Amino acid sequence: AQSVAQPEDQVNVAEGNPLTVKCTYSVSGNPYLFWYVQYPNRGLQFLLKYITGDNLVKGSYGFEAEFNKSQTSFHLKKPSALVSDSALYFCAVSPPGSARQLTFGSGTQLTVLP
Amino acid sequence: GAGVSQSPRYKVAKRGQDVALRCDPISGHVSLFWYQQALGQGPEFLTYFQNEAQLDKSGLPSDRFFAERPEGSVSTLKIQRTQQEDSAVYLCASSLEGRGQETQYFGPGTRLLVL
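Chains A and B supply the protein sequences, listed in that same order. So the mapping is simple: our numbering equals the position in the first sequence, first residue as 1, plus 339. So the mapping is simple: our numbering equals the position in the second sequence, first residue as 1, plus 963.
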């Protein structure tokens, strides 16, 4: 069975500072990994994914994530946070070979303080 | 272009009523997914269609839940004899099929409240 852990329910960061939202996973084989963002009363918006290739993945709105196989992690990062980045962030994993049944973490609420 | 749309956006049902939730995927997307998101939690997988075929329904919580996609486009999630524990946001997602097309694009969800 696959699982995802987001160890921080809440992350606060000052505007302009770098941000990190943590994600670790457990799955057999080489997983597909995703980050989504959710704004209030809206669905999930895709940010980025790791399927194969370079461990550093760049996505929308200046976000990036680094796949670390030895640490089974896929942390989301941004060099300079904006107030508008404040939202709920979800990490997700799917079984190797196809992105079918996504398993999501419990989410991390990011608040960027002006 | 148009994204995934869902209707209704909000639904209030009395316990025991049947409800039907609709999903219109992105045009041309072969795969369609339903997820349930309880308050304060991440989405949980319910079921998956490839065209009109329901290939995985392992996440449906009970036989009160039924999903269909008869023409391989629009999908309906039906919940019979609703219970209070069915209160959640129901998310629909769609994707193209094939290597490099793994991203699931989500609709805004239907918020169901069972009283």
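Just so you know, even glycine gets a beta-carbon here, dropped at the ideal spot from N, CA and C. From a predicted model like this one, the values you see are computed outputs, not experimental measurements.
Bridge partners of residue i, per DSSP?
i                 : result
TYR378 (chain A)  : Partner(s): none; TYR378 (chain A) has no beta bridge.
TYR428 (chain A)  : A:VAL376, A:THR447
LEU441 (chain A)  : DSSP lists no partner for LEU441 (chain A).
PHE1069 (chain B) : B:ALA1056
GLU354 (chain A)  : GLU354 (chain A) pairs with nothing; no bridge assigned.
HIS414 (chain A)  : A:GLU405
CYS986 (chain B)  : B:GLN969, B:SER1038
LYS361 (chain A)  : Beta-bridge pairing links LYS361 (chain A) to no other residue.
GLN1000 (chain B) : B:VAL1052
To the nearest angstrom, report how far apart residue i and residue j are at their CA atoms.
i                 : j                 : result
THR1039 (chain B) : TRP997 (chain B)  : 10 Å
LYS974 (chain B)  : ARG1074 (chain B) : 6 Å
VAL376 (chain A)  : GLY1022 (chain B) : 23 Å
GLN410 (chain A)  : PRO434 (chain A)  : 18 Å
PRO379 (chain A)  : ASP987 (chain B)  : 21 Å
LYS408 (chain A)  : GLN980 (chain B)  : 48 Å
GLN1013 (chain B) : GLN1046 (chain B) : 29 Å
LEU984 (chain B)  : ALA965 (chain B)  : 19 Å
ALA301 (chain A)  : ASP1026 (chain B) : Since the displayed chain A opens at 340 and closes at 453, residue 301 (chain A) lies outside it and no answer follows.
ARG381 (chain A)  : ALA420 (chain A)  : 21 Å
SER1036 (chain B) : ALA1016 (chain B) : 11 Å
TYR364 (chain A)  : GLY1003 (chain B) : 20 Å
GLU403 (chain A)  : ASN394 (chain A)  : 10 Å
PHE1028 (chain B) : ALA353 (chain A)  : 44 Å
TYR1068 (chain B) : ARG978 (chain B)  : 31 Å
TRP374 (chain A)  : PHE429 (chain A)  : 6 Å
LEU1018 (chain B) : GLY1072 (chain B) : 22 Å
SER367 (chain A)  : GLN341 (chain A)  : 7 Å
PHE406 (chain A)  : GLN1043 (chain B) : 42 Å
LEU427 (chain A)  : GLY1005 (chain B) : 10 Å
GLN345 (chain A)  : PRO370 (chain A)  : 17 Å
ILE989 (chain B)  : LEU386 (chain A)  : 18 Å
LEU391 (chain A)  : GLY355 (chain A)  : Note on residue identity: the sequence assigns Thr, not Leu, to residue 391 (chain A). THR391 (chain A) and GLY355 (chain A): Cα-Cα distance of roughly 31 Å.
LEU1059 (chain B) : GLU1007 (chain B) : 20 Å
Just to check, is the beta-carbon of residue i closer than 6 Å to a non-hydrogen atom of the ligand GDP?
i                : result
ASP424 (chain A) : The ligand GDP is absent from the structure shown, which contains no ligands of any kind.
Cβ contact check for the stretch 390 to 400 of chain A and the stretch 344 to 352 of chain A: 3 or more pairs under 8 Å: no
Output needed in chain order: residues of the stretch 364 to 398 of chain A with a Cβ under 7 Å from some Cβ in chain B. TYR371, ARG381, GLY382, LEU383, PHE385, LYS388, ILE390
Decide if the stretch 965 to 978 of chain B is in contact with the stretch 357 to 370 of chain A; the criterion is three or more beta carbon pairs, one per stretch, under 8 Å apart. no
Inside the stretch 1006 to 1032 of chain B only - beta strand (DSSP E) runs reaching at least 3 residues: 1007 to 1013, 1016 to 1019, 1028 to 1031
Under 9 Å, CB to CB, which of the residues in the stretch 1048 to 1059 of chain B have a partner in chain A? VAL1052, LEU1054, CYS1055, ALA1056, SER1058
Touching or not, the stretch 444 to 451 of chain A and the stretch 1020 to 1034 of chain B, by the rule of three or more beta carbon pairs under 8 Å? no
Evaluate contact between the stretch 1051 to 1059 of chain B and the stretch 995 to 1011 of chain B, counting only Cβ atoms and requiring at least three cross-stretch pairs below 8 Å. yes
Any C-beta of chain B within less than 9 Å: which residues of the stretch 423 to 449 of chain A qualify? Correct list: PHE429, CYS430, ALA431, SER433, SER437, ALA438, ARG439, GLN440, LEU441, THR442, PHE443, GLY444, SER445, GLY446.
Residues, ordered as in the chain, of the stretch 994 to 1008 of chain B that lie near chain A by beta-carbon distance below 9 Å: SER994, PHE996, TYR998, GLN1000, GLY1003, GLN1004, GLY1005, PRO1006, GLU1007, PHE1008
If contact means a Cβ-Cβ distance below 7 Å, which residues of the stretch 1008 to 1025 of chain B contact chain C? Given the protein chain composition of this structure (A and B), no chain C is represented.
Just by C-beta distance, which residues in the stretch 1063 to 1075 of chain B are closer than 7 Å to chain A? GLU1065, THR1066, GLN1067, TYR1068, PHE1069, GLY1070, PRO1071, GLY1072
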